[in-house]
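Colleague: Take a look at this one; I'll ask things after.
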Amino acid sequence: MKNRIIYTLLILGIVSCKAQTITLKQLSECQNGLYPCPSYTNAKDTDNLLEKFVGIWKGTYTDGRTYEFRFTKKSDDGEPNERKWDILIGKMVVKTSNGNVLYNSLNNNDLNSIGGFYFDKELKKYQMSYTANADCNDGGYVYLSFPDSNNLNQMKLVFMQDMDIIASCPNGYKTVIPDAKAIMLTKQ
Numbered sequence: 001m002k003n004r005i006i007y008t009l010l011i012l013g014i015v016s017c018k019a020q021t022i023t024l025k026q027l028s029e030c031q032n033g034l035y036p037c038p039s040y041t042n043a044k045d046t047d048n049l050l051e052k053f054v055g056i057w058k059g060t061y062t063d064g065r066t067y068e069f070r071f072t073k074k075s076d077d078g079e080p081n082e083r084k085w086d087i088l089i090g091k092m093v094v095k096t097s098n099g100n101v102l103y104n105s106l107n108n109n110d111l112n113s114i115g116g117f118y119f120d121k122e123l124k125k126y127q128m129s130y131t132a133n134a135d136c137n138d139g140g141y142v143y144l145s146f147p148d149s150n151n152l153n154q155m156k157l158v159f160m161q162d163m164d165i166i167a168s169c170p171n172g173y174k175t176v177i178p179d180a181k182a183i184m185l186t187k188q
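Position one of the sequence shown corresponds to residue 1 (UniProt numbering), numbered consecutively onward.
Here it is as structure tokens:
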């Protein structure tokens, strides 16, 4: 009888621990309303969905600005005693066509970088939050995807600006990443 109680408690402990961790795939499905989110404390990248984005990516926009993005995977991101999940962290250098640095976040800490959220329901696009200059409403979401799923060396990045009220911004200010325009990046 004593062994049966210990065995039952052990099984309940294993089941409750498993219920506290979900995959990034499960997180994307419940975040996109496919089903209610289970109670969880951690979302793990058990299928290595983030790995294809990790690395240095470079591209040039039509106005001549060059972009270098560095994406790394961070495990168990989150505050103590709160939910944690595996995410991408992005940092970048943007230069004018003549090589002058417009923006550089390579030395920023993770909190002041491009921070990951989750995938869309088809697991094709990864959403990240981004702010370069809050006073000029230069912030919103960055979406990463691969136009050709057979070519993981070419990635598309699109920035979608938040539509907040601009507090104070110089005349003619351009967002660091063009709003609602794709930048094609090549893995280095």
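Using N, Cα and C, we set each Cβ at its ideal position, and we do this for glycine too.
Tell me the residue span of the beta strand (DSSP E) that contains K121.
Modeller: No beta strand (DSSP E) contains K121, which DSSP labels as neither H nor E.
Colleague: Could you pull the start and end residues of the beta strand (DSSP E) that K44 belongs to?
Modeller: From DSSP, the beta strand (DSSP E) with K44 extends over N42 to K44.
Colleague: Have a look at S113 and K91 and give me their C-alpha separation to the nearest angstrom.
Modeller: Using only the alpha carbons, I get a separation of about 6 Å.
Colleague: Pop quiz: L102 and Y126 are said to be a contact at Cβ under 8 Å. What is the actual Cβ separation, rounded to whole angstroms?
Modeller: With 8 Å as the limit, L102 and Y126 do not qualify as a contact, their Cβ atoms being about 24 Å apart.
Colleague: Within this structure, are the beta carbons of T72 and V93 separated by less than 8 Å?
Modeller: No. Outside cutoff.
Colleague: Give every residue of the same chain whose Cβ lies closer than 6 Å to the Cβ of N32, excluding the five residues on either side of it in the sequence, and list them in chain order.
Modeller: Closer than 6 Å at the Cβ level, and outside the excluded window around N32, lie K121.
Colleague: What are the partner residues of G64, as DSSP defines its beta bridges?
Modeller: In DSSP, G64 forms no bridge with anything.
Colleague: Can you tell me which of N100, K44 and L50 puts its alpha carbon nearest to the alpha carbon of G64?
Modeller: Closest by alpha carbon: N100.
Colleague: Can you name the residues that DSSP bridges to M160?
Modeller: Answer is Y141.
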